[in-house]
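Contents: one structure, followed by commentary.
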Amino acid sequence: MASSQTSREGFTLLELIAVIGIIAIMSVLVVGGFNGILKAFGETAGADSVRRSIMLARQQACVDGEHMYFQLTGYNTYCIVRRAGTITERAHKSKKPLNENLNLYWISDDYASTADGLSGLTDLSGFSNQDQHAIWDDYVERFSEMKVYDMTAHVASEIECPMFYDSEDDTWSFAITSEAYSRGFREGNDYGWVVSPEQSLPKGMVFEGTYSAASGEVNESAIEDSFIHFLPDGSVDQSNGTRTYKIIDPTTGRGAELAVDGKGNVTISTIK
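Heads up, the final residue of the sequence shown is numbered 281 in the working numbering, and it's a clean run with no missing numbers.
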C-alpha cells in the first residue's frame, strides 16, 4: 500500500516583516495623498463658498432694494447682514409688559418701517402690547436665535428677547447682550439683521490678516473692518470696507484670493 506525504510550506519571519513593511508604506502613501487632496480641495472650496455668499448678498441687495453687507464675524467665519434702521435710543431698562423681572439692554428705533425690513422679517404687523402675553412663549422660541448687527461699530449680538412694536411710542425695540451693549449700538449707529446662517471656512483655512499661526492670536480689528457694503442697485460702496480677501492655510500661505470690483463682480485667483 503506497503512502503519500503532504508537504506544507509557510512564511518565514523575514518575509512577514517585509510584507507588513510594504503594507505600512502603501498606507502612508495612500493616506498622505488623500489628505493632500482634501487640503487642496479646502483651498479652493473655501474661496468658492465665500464667493457664493458675496454674490448672494449682491443679489439680495438688487432684488429687495436694500443695503446688504458681507461681513466677517471671525478669523474663519462670515455672514450676510441686511440693514434694518438707525438706533435712536439705547437704555438699560426693563420694558413692560414683557417681563418685569428682566433687566435687559434695550435698543429702540423710532424710524423703523416695513421698508426697513422689520415687519417683513419678523411678521409683526398688528402685533400690539395687549396680545404679547398670549403668544410670548411661542414668539421667544421663534426668534431666540436671531442676531442683530451694528454696522457702524461692527458688533454682533444675540437678541435676548424678540423685537416688538410699542404702539404708544410708535417705536420698534429689541434687547441685546451686555457685552455687545458695551462695545456698540450707540445712538445714530446703523444696524441690521443677520439674514443667513454664519458659515465657516474649511478646517485649517483662515482669512489672511485675521489670525497668527505663530502666536495663535486673533486680530479682532481686522475682522470687524473686513466687510463689503452693497448698495440697493447691487454696486459696492467704494467708501466702505475691504474688497479683497485672501483665504489661506496660515502654516503654508497657500490658498486663494477673491477680488470684488465696484460693480460687485468677484474673481478668484490661486495663491501658491
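Glycine included, each C-beta is placed from N, C-alpha and C at the ideal position.
With a beta-carbon spacing of about 31 Å, I277 and Y200 fall beyond the 8 Å limit used to define contacts. Membership of I232 in any beta strand (DSSP E) is not indicated; the residue belongs instead to the alpha helix (DSSP H) covering E229 to E233. Judged by beta-carbon spacing, Y84 lies beyond the 8 Å limit of I280, meaning their Cβ atoms are not closer than that value. Every candidate alpha helix (DSSP H) stretch fails here, since none sits fully inside the stretch 60–90 while reaching 4 residues.
Annotation for A189: the continuous alpha helix (DSSP H) segment containing it runs S187 to R192. Counting the other CB atoms within 10 Å of its CB gives Q247 a total below 16, which places it among the exposed residues. DSSP places D118 in the uninterrupted beta strand (DSSP E) bounded by Y114 to D118.
Within a 10 Å sphere around the beta-carbon of R61 sit fewer than 16 other beta-carbons, which makes this residue exposed. Per DSSP, D199 is one residue of the beta strand (DSSP E) stretching across D199 to V203. For L210, the secondary structure class from DSSP, reduced to helix, strand or coil, is coil. Put simply, the stretch 216–224 does not touch the stretch 64–78. Fewer than three CB pairs are less than 8 Å apart. Rounded to the nearest whole angstrom, the C-alpha separation of V90 and V203 is 4 Å. Taking 8 Å as the cut-off, the beta carbon of F79 is found no closer than this to the beta carbon of H163. A direct Cα-Cα distance of roughly 21 Å separates F183 from E75.
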